[in-house]
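Student: Got a structure for you, questions after.
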Amino acid sequence: MRSKIIIQPTRQIPVIRDWRLNEQHYGALQGLNKAEIAAKHGEDQVLIWRRSYDTSPPPVSEEDDRFSINDSRYAGIEKSRLPKTECLRDTVERVIECWNEKLSKEIRSGKMLFIVAHGNSLRALVKYLNQIADKESIELNIPAGIPLVYELDSALTCLRHYYLADVKILNNAMAEVAKQRKAK
């Protein structure tokens, strides 16, 4: 077995925090166990809510503690911008807004970015960078903890992308992501 080690000298890396890179808001399902939701509503419905491009789960009310206005990470954000529920289309819109306003500018200035975000936020960015069709994005499984490298040209078009992982480890991790929507 061959191994790779990536060694990077320490340097100060600025941290860009932006609420638009946060996870998709699952509305009234926010914070609930995925397997329990699947057992109650069925795996097909969970797949639709979690992975369809344009179907949102039931919304959370503004009085509910799970509404984003009650979360300090959203302090200073206009209430009208905070989601009560989201589908992937909504998540794509806010992630691409962040890409256009912040991330792409950093890349164009010559910086290399290390983007750490949530599963559906990353799915939205990968969908955009790879120009993946809406329906195909349902099957996109991005494993946690395995770096995905993008090489972009000067127009920020993807030249190539690849994971920094052994194929077997990568496939197992992707399968684990796909299993998350299943009932136990």
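Numbers 33 to 216, taken from my numbering, label the letters of the sequence shown in order.
Every residue, glycine too, gets a C-beta built ideally from N, C-alpha and C.
These numbers were taken from a predicted model, which means no experiment stands behind them.
1. Find out if the Cβ-Cβ distance for the pair residue 205, residue 179 is shorter than 8 Å.
2. How long is the line joining the alpha carbons of residue 55 and residue 118, rounded to whole angstroms?
3. Evaluate residue 74 with the Cβ neighbour count: other Cβ atoms within 10 Å of its Cβ, from every protein chain shown; 16 or more gives buried, anything less gives exposed.
4. By Cβ distance, which residues of its chain are closer than 7 Å to residue 98, with the 5 residues on each side in sequence left out?
5. Count Cβ pairs between the region 164-173 and the region 70-85 that sit closer than 8 Å; are there 3 or more?
6. Grouping DSSP H, G and I as helix and E and B as strand, with all else coil, what is residue 206?
7. Please report the distance separating the alpha-carbon of residue 71 from that of residue 78.
8. Can you name, in chain order, every residue of its own chain whose Cβ lies under 6 Å from the Cβ of residue 197, other than the five neighbours on each side?
9. If you follow the beta strand (DSSP E) that residue 190 is part of, which residue opens it and which one closes it?
10. Which of the three DSSP states is assigned to residue 58 in this structure?
11. Check residue 124 in the structure and name its three-state DSSP category.
12. Is it the case that the Cβ atoms of residue 156 and residue 181 are separated by a distance below 8 Å?
13. Report the option in 139, 153 and 50 whose CA atom is closest to the CA atom of residue 184.
14. Can you tell me the Cα-Cα spacing of residue 107 and residue 47, whole angstroms?
15. Does residue 95 come out as helix, strand or coil in the three-state DSSP assignment?
Tutor: Checking against the coordinates, here is how it stands:
1. no
2. 10 Å
3. exposed
4. 62, 63 and 92
5. yes
6. helix
7. 9 Å
8. 178
9. 190-195
10. coil
11. helix
12. no
13. 139
14. 18 Å
15. coil
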